[in-house]
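Visitor:
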Amino acid sequence: MPDLHLLFTRYRMYMFYILALFVLLWGFTPYRTIFAGLILGTATSFINMWLLYKRTLKLSDAVKSGKTAYSIGSFSRFAYAALAALIAIKFPNYFDIAFTLLGLATSYLVMALDSIIMFIFKRKRKGR
Amino acid sequence: MGALAAAIAIGLGALGAGIGNGMIVSKTVEGMARQPETAGLLRTTMFIGVGLVEAIPIMGVVVAFIALFQ
Chain A
3 MPDLHLLFTR
13 YRMYMFYILA
23 LFVLLWGFTP
33 YRTIFAGLIL
43 GTATSFINMW
53 LLYKRTLKLS
63 DAVKSGKTAY
73 SIGSFSRFAY
83 AALAALIAIK
93 FPNYFDIAFT
103 LLGLATSYLV
113 MALDSIIMFI
123 FKRKRKGR
Chain B
843 MGALAAAIAI
853 GLGALGAGIG
863 NGMIVSKTVE
873 GMARQPETAG
883 LLRTTMFIGV
893 GLVEAIPIMG
903 VVVAFIALFQ
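Sequence order for the protein chains is A and B.
Each residue of the first sequence is one higher than the one before, starting from 3 at the first, in the working numbering.
Each residue of the second sequence is one higher than the one before, starting from 843 at the first, in the working numbering.
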């Protein structure tokens, strides 16, 4: 398994590609509320992933130096998701709530798909 | 009733996330303490694990807010 920094760099690249795709689709299709909701959800999901990355590094540094790490930031991630939901509820003409919810799942989909793809590559390499 | 639905959704979601995260982080810290040379691998596994465990509770939070305000 690659180092956390390499892994997060790869995830960040995928998230930027997905966000760029959603922005293009928002600009060039008539489904603006759908893609605005997806952009809002994906951006929030990206922030959550970055926050988790920072807190994981902080925890491992704390364990290494014998200090105490008090949290991994779960409440903050829930709060960001709630903020995205509130924005989508407040402005239903601009953001579709269902697609905001779908956008919030983007980073987890990226993590899961990347893990599956790496697992398949490893099996193929072992098979050779 | 919307408030009750929201409270149940967030409460149970947070309970699941808390139990899951607690188990993941405790095993990770234990592993790092036993074998500091494997800290990198454990850190990566913890990152993926916590991310996947928190996915559904975060959606529960959003559904709770939808139930509360709509």
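No residue lacks a Cβ here, since even glycine has one placed at the ideal position from N, Cα and C.
By the criterion of Cβ-Cβ separation under 7 Å, what are the contact partners of alanine 859 (chain B) in chain A?
Guide: As a position in the second sequence, residue 859 (chain B) is number 17, starting the count at 1. The contacting residues are Ser76.
Visitor: Could you pull the start and end residues of the alpha helix (DSSP H) that glutamate 879 (chain B) belongs to?
Guide: On the second sequence, position 37 is the one that residue 879 (chain B) refers to. No alpha helix (DSSP H) holds glutamate 879 (chain B); DSSP gives it neither H nor E.
Visitor: Please report whether the beta-carbon of methionine 120 (chain A) lies at a distance below 8 Å from any beta-carbon of chain B.
Guide: What you label residue 120 (chain A) is simply residue 118 of the first sequence in a count that begins at 1. So, not an interface residue.
Visitor: What first and last residue would you give for the alpha helix (DSSP H) that runs through aspartate 63 (chain A)?
Guide: Start at 1 with the first residue of the first sequence, and residue 63 (chain A) comes out as number 61. Its alpha helix (DSSP H) spans residues 34-67.
Visitor: Is there contact between the region 888-899 of chain B and the region 86-101 of chain A, where contact requires at least three CB pairs shorter than 8 Å?
Guide: Too few Cβ pairs lie closer than 8 Å, so no.
Visitor: Among A:Ser67, A:Gly43, A:Tyr55, A:Gly39, whose alpha-carbon lies nearest the alpha-carbon of leucine 8 (chain A)?
Guide: Within the first sequence, the letter at position 6 stands for residue 8 (chain A). It is A:Tyr55.
Visitor: Would you call the CB atoms of glycine 855 (chain B) and valine 903 (chain B) closer than 8 Å?
Guide: The residue labelled residue 855 (chain B) in the question sits at position 13 within the second sequence. The residue labelled residue 903 (chain B) in the question sits at position 61 within the second sequence. For glycine 855 (chain B) and valine 903 (chain B), yes; Cβs fall inside 8 Å.
Visitor: List, in chain order, every chain B residue whose beta-carbon is nearer than 9 Å to that of serine 54 (chain A).
Guide: If you number the first sequence from 1, residue 54 (chain A) lands on position 52. Residue 54 (chain A) is actually leucine in this sequence, not serine. Within 9 Å Cβ-Cβ: Phe889, Val892, Gly893, Glu896.
Visitor: My output table needs one value for phenylalanine 80 (chain A): the three-state DSSP class, helix, strand or coil.
Guide: Along the first sequence, read from residue 1 onward, the residue named residue 80 (chain A) stands at position 78. Looking at phenylalanine 80 (chain A) - three-state DSSP - the assignment turns out to be helix.
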